[in-house]
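Per this note's numbering, the sequence shown runs over residues 22 to 428.
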Amino acid sequence: MAGTTRNICIFAKAMNAHRGGKFRWPFSIVAQELATLGHEVTVITTAHPDGKTEREDEAGVPVHYLAGTKPEKPDAAFWRRSAELFDRLHRERPFDIVMGRGTSPLGYSRLSSFARTLPVILHEGTYPDWLQGYEIRPRIGGTIRRKLHARLHAATHRDLSESMIGASLIVCNSPALARGLRQAYWWEKVETAYIPYGFDTSFTQQQAGEVPPALEALLRNGQRYVVYLGRITKAKGAFDLVAIAAASRNRDLAIVAMGGASDETLSKLKAAAQAKGVGDRLILPGPVAHSALPKVLGKAEAFLFPSVHPESLPKAAMEAMACGLPVLAYRLPAFEGLVDDGVEGFLVPAGHSGELAAALDRLLDDPTLARQIGKAAARCIETDFSPATAAHLWQEALDKVTAEFSA
22 MAGTTRNICI FAKAMNAHRG GKFRWPFSIV AQELATLGHE VTVITTAHPD
72 GKTEREDEAG VPVHYLAGTK PEKPDAAFWR RSAELFDRLH RERPFDIVMG
122 RGTSPLGYSR LSSFARTLPV ILHEGTYPDW LQGYEIRPRI GGTIRRKLHA
172 RLHAATHRDL SESMIGASLI VCNSPALARG LRQAYWWEKV ETAYIPYGFD
222 TSFTQQQAGE VPPALEALLR NGQRYVVYLG RITKAKGAFD LVAIAAASRN
272 RDLAIVAMGG ASDETLSKLK AAAQAKGVGD RLILPGPVAH SALPKVLGKA
322 EAFLFPSVHP ESLPKAAMEA MACGLPVLAY RLPAFEGLVD DGVEGFLVPA
372 GHSGELAAAL DRLLDDPTLA RQIGKAAARC IETDFSPATA AHLWQEALDK
422 VTAEFSA
């Protein structure tokens, strides 16, 4: 794509969820998108969860894991060490843009010898927990309450507020988050832009991954099933899955919940399923290899996502949609721009598991409708979330920010 190429430094945090390469951490996606556009990208991050504290190249992007820092902790130690490394790298080959998430770039902003000489772009992907409550459960006087809550939250999270307000641009991976962050700092001129992740639909053709034995048996016997994909927690809707299974008219339907869970949650979830009489229909295979997902998703009837966790852009839902599955979920800000009710799936008020069960039964009873919605879901991912679309938006954002900063 045509556009000025730039040297970009990204500040990030290495997370425990990224152990063993099972998950691509958010900035690995963005870094690779930017590198594909021809930009030079360097990542400075906290210590690796497995103890790595050296430079590594990940898909052609140099990543510096800083010794003396803690995984997931962009704290004073990280800010100091990251500022020192940034200054050294910047003197060797000047950067054009600084990027980060949350408070990760504060080392540059506060301690670097080159502070405030470059534009800072934040890339955010988590909807504010406190703000989501106002969105999904409207109350009388909600607007005034929300504004007061925003000021209180900013006052008690000063580092985060400083980073957000000081950014030249905050790129968000959902339109709801872009709007929400403007509301969160309504008394300041906070610039936000929506740029989705570029989703490579070629992953849907993978069939080589190993499927857990419990799922192999399900795939062989032809039993109808729906799927959930993600962490197995209360906020993510684990116990709502049990309620949906119990409320559904389709008594032979299995619910497959793929993802990691604590022993305590698994024990309580299995007990709840037994108490509701659906223990034999709730299948908990644990985490499933990403390469095996298309095989499992491809034979499912629908994707269930009864989460109230403050998502921004649920990648699991996108993967299911790419495989042609209708989405059944609670109406969260995260689904704005991804799922329209009745088009790519069905959305119901948060906590109304009975309504989700009714929507599920409607799909199961009407194969023509299910196919229609599934095709719309796949089409949405292929067109609205293509890598080319994301690349174009990123190039526009970089050009605009650098032009305005140097004006």
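C-beta: ideal position from N, C-alpha, C; glycine also.
Alpha helix (DSSP H) segment containing residue i, residue limits
{"i": "T213", "result": "That residue, T213, is in no alpha helix (DSSP H); its beta strand (DSSP E) goes 213-215."}
{"i": "C401", "result": "388-405"}
{"i": "R240", "result": "The displayed chain sequence assigns Leu, not Arg, to residue 240. Start and end: 234-242."}
{"i": "Y148", "result": "Neither: Y148 is in no alpha helix (DSSP H) and is coded neither H nor E."}
{"i": "Y129", "result": "127-132"}
{"i": "M339", "result": "336-343"}
{"i": "F99", "result": "97-113"}
{"i": "L368", "result": "Element bounds for L368: not the alpha helix (DSSP H) but the beta strand (DSSP E), 366-369."}
{"i": "M185", "result": "179-187"}
{"i": "T25", "result": "Neither: T25 is in no alpha helix (DSSP H) and is coded neither H nor E."}
{"i": "L419", "result": "408-427"}
{"i": "L58", "result": "Premise fails: L58 is in no alpha helix (DSSP H) and is neither H nor E."}
{"i": "G280", "result": "Per DSSP, G280 belongs to no alpha helix (DSSP H) and is neither H nor E."}
Buried or exposed by the 16-neighbour rule on C-beta atoms within 10 Å, applied to residue i
{"i": "R302", "result": "buried"}
{"i": "G123", "result": "buried"}
{"i": "R102", "result": "buried"}
{"i": "T285", "result": "Correcting the residue identity first, residue 285 is Glu in this sequence and not Thr. So E285 ends up on the exposed side."}
{"i": "T90", "result": "buried"}
{"i": "W208", "result": "exposed"}
{"i": "E113", "result": "exposed"}
{"i": "L419", "result": "buried"}
{"i": "E231", "result": "exposed"}
{"i": "G219", "result": "buried"}
{"i": "I394", "result": "buried"}
{"i": "S333", "result": "buried"}
{"i": "I402", "result": "buried"}
{"i": "P234", "result": "exposed"}
{"i": "L239", "result": "buried"}
{"i": "L143", "result": "buried"}
{"i": "G59", "result": "exposed"}
{"i": "G162", "result": "exposed"}
{"i": "K257", "result": "buried"}
{"i": "S283", "result": "exposed"}
{"i": "A294", "result": "buried"}
{"i": "A292", "result": "exposed"}
Backbone CA spacing between residue i and residue j [nearest angstrom]
{"i": "T26", "j": "L236", "result": "47 Å"}
{"i": "V422", "j": "D361", "result": "32 Å"}
{"i": "P335", "j": "A104", "result": "32 Å"}
{"i": "K43", "j": "Y129", "result": "Only weak support exists for where K43 lies, its pLDDT of 48 falling under 50; the coordinates are left without a value."}
{"i": "S427", "j": "I118", "result": "12 Å"}
{"i": "L110", "j": "E156", "result": "43 Å"}
{"i": "A197", "j": "A355", "result": "7 Å"}
{"i": "Q228", "j": "H69", "result": "31 Å"}
{"i": "A278", "j": "A409", "result": "32 Å"}
{"i": "H178", "j": "S184", "result": "10 Å"}
{"i": "P388", "j": "A371", "result": "26 Å"}
{"i": "A398", "j": "H330", "result": "22 Å"}
{"i": "Y246", "j": "F326", "result": "14 Å"}
{"i": "V10", "j": "A205", "result": "Since the first residue of the chain shown is 22 and the last is 428, residue 10 is not available in this structure."}
{"i": "L274", "j": "F107", "result": "55 Å"}
{"i": "I186", "j": "T164", "result": "21 Å"}
{"i": "R203", "j": "E212", "result": "7 Å"}
{"i": "L414", "j": "H373", "result": "36 Å"}
CB contact flag (residue i, residue j, <9 Å)
{"i": "S182", "j": "A175", "result": "yes"}
{"i": "V64", "j": "A33", "result": "yes"}
{"i": "T67", "j": "F99", "result": "yes"}
{"i": "A214", "j": "C193", "result": "yes"}
{"i": "A323", "j": "L384", "result": "yes"}
{"i": "D71", "j": "P217", "result": "no"}
{"i": "A429", "j": "E54", "result": "Any answer about residue 429 is impossible in this case: the structure gives the chain only from 22 up to 428."}
{"i": "L359", "j": "V369", "result": "no"}
{"i": "S125", "j": "P92", "result": "no"}
Whole-number beta carbon distance between residue j and residue i, since they are thought to touch under 8 Å
{"i": "F224", "j": "P315", "result": "7 Å"}
{"i": "I253", "j": "F116", "result": "So it is not a contact: roughly 41 Å between Cβ atoms."}
{"i": "V84", "j": "R76", "result": "7 Å"}
Residue i Cβ short of 8 Å to the ligand ATP heavy atom set
{"i": "H311", "result": "This structure lacks the ligand ATP, and indeed carries no ligand of any kind."}
Run of the beta strand (DSSP E) containing residue i, from where it starts to where it stops
{"i": "P315", "result": "Not the beta strand (DSSP E): P315 falls in the alpha helix (DSSP H), residues 314-318."}
{"i": "H144", "result": "141-145"}
{"i": "L303", "result": "303-307"}
{"i": "H85", "result": "82-86"}
{"i": "A350", "result": "348-351"}
{"i": "D78", "result": "76-79"}
{"i": "A33", "result": "28-33"}
{"i": "L274", "result": "From DSSP, L274 is part of no beta strand (DSSP E); its letter is neither H nor E."}
{"i": "F326", "result": "324-326"}
{"i": "L250", "result": "246-250"}
{"i": "T63", "result": "61-66"}
{"i": "G72", "result": "G72 -> no beta strand (DSSP E), and no H or E assigned at all."}
Proximity test, Cβ basis, 9 Å: residue i and chain C
{"i": "L414", "result": "The structure shown contains no chain C; it holds only a single protein chain."}
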